[in-house]
Each structure stands twice: as structure tokens, then as C-alpha cells.
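Numbered by our numbering, the letters in the sequence shown go through residues 303 to 451 in order. Backbone N, C-alpha and C fix where the C-beta goes; we use that ideal spot for every residue, glycine too. Report on one structure; see the data block that follows.
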Amino acid sequence: MYDNTRGEAFGAEVKRRIMIGTYVLSAGYYDAYYRKAQQVRTRIAQDFEQAYKLCDVILTPTAPSSAFAIGEKMDDPVAMYLNDVFTVPASLAGLPGISVPAGLASDGLPLGLQILGRPFDEETVLKVAGVIESAAGLAPVPPFVAARG
Numbered sequence: 303m304y305d306n307t308r309g310e311a312f313g314a315e316v317k318r319r320i321m322i323g324t325y326v327l328s329a330g331y332y333d334a335y336y337r338k339a340q341q342v343r344t345r346i347a348q349d350f351e352q353a354y355k356l357c358d359v360i361l362t363p364t365a366p367s368s369a370f371a372i373g374e375k376m377d378d379p380v381a382m383y384l385n386d387v388f389t390v391p392a393s394l395a396g397l398p399g400i401s402v403p404a405g406l407a408s409d410g411l412p413l414g415l416q417i418l419g420r421p422f423d424e425e426t427v428l429k430v431a432g433v434i435e436s437a438a439g440l441a442p443v444p445p446f447v448a449a450r451g
């Protein structure tokens with residue numbers, strides 16, 4: 303049963319990323335990719351350590367553009383990867399992060415702001431997220447979605 307249902311809930315993009323990761327971790331590529339990736343990961347974490355000597359949190363855009371429609375970029379894996387570009391460093395460095403709606407683009411679609419904190423300092427990240435959400439004053443659902451109701 304497990305073998306028959308394991309990938310049932312995963313979409314094409316998640317399956318693609320799992321397969322790429324499996325390929326990179328295969329025995330013939332371990333030294334070429336995984337070991338080098340671990341070294342890069344360590345450097346990224348060190349860069350964040352240096353930054354946190356000057357601040358409590360780091361604010362970045364969540365994505366390089368406003369939200370897109372569900373399924374809109376499914377046929378373009380490169381566009382999907384590029385849309386995640388700002389969220390990757392936090393995962394690599396093992397940092398707590400959260401994305402909050404911080405405004406609307408000119409087309410009315412949400413813009414996300416990512417808040418990254420020090421390792422194991424989720425409390426500060428959540429407090430800052432609450433302040434930003436309150437200051438943004440956005441309705442839970444953009445007006446154009448609510449109007450379709």
C-alpha cells in the first residue's frame with residue numbers, strides 16, 4: 303500500500319524536485335555535488351551569522367514578483383525555481399522564516415515579505431511578522447477575490 307500511495311499527494315513540481323535530489327545524492331555524484339553543496343551551505347550560514355551581529359531579523363521579498371494564478375507556471379519549471387529564489391537561503395542556513403502579506407501589486411495580487419531570524423529565535427520572527435501584518439492593514443482576502451464570492 304505504501305508503495306502504491308507514496309507519491310499520490312505530490313504534484314509534478316514536487317516529484318521533479320525529489321527526483322533531482324535523488325539523482326544528485328546517487329553514489330556517482332555524491333562528491334561532485336553533495337559535498338560541495340555542504341560547503342556552500344556552511345558559508346551561507348556564516349554570512350547570516352555575521353549579519354545577525356548587526357540586526358535582529360532580515361527582511362526580504364518572498365518572491366521576485368507578485369503572486370500568480372494557481373497552475374499558471376506549472377509547465378515552466380525554471381520559472382517555478384526562480385520564483386523560490388529568495389526563500390532558498392533560509393532553508394540552506396537552517397533559519398526560521400515566515401512570509402507575510404505586506405501589500406498588493408498594481409494588479410491587486412499580494413506581495414509577500416519574508417522575515418528571517420536567528421537560529422531557534424522563532425519568537426522574534428513571529429512578533430515581527432505580527433507587527434508587519436498589522437501595519438500593512440490588508441484584508442484577509444484581496445478585494446477582487448471577495449467580489450467574485
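Beta-carbon proximity of residue i to residue j, cut-off 8 Å
i, j, result
"Gly405", "Ala438", "yes"
"Thr426", "Phe388", "no"
"Ala365", "Ala395", "no"
"Gly399", "Leu418", "yes"
"Tyr335", "Val342", "no"
"Asp409", "Ser436", "no"
Residues that residue i bridges to, as DSSP identifies them
i, result
"Pro379", "Pro379 is not bridged to any residue."
"Ile360", "Leu418"
"Pro391", "None; Pro391 has no bridge partner."
"Pro412", "Leu406"
N-terminal and C-terminal residue of the beta strand (DSSP E) that residue i is part of
i, result
"Ala404", "399-406"
Buried versus exposed call for residue i [16 or more other C-beta atoms within 10 Å across all chains shown]
i, result
"Ala353", "exposed"
"Val390", "exposed"
"Gln340", "exposed"
N- and C-terminal bounds of the alpha helix (DSSP H) containing residue i
i, result
"Ala353", "338-353"
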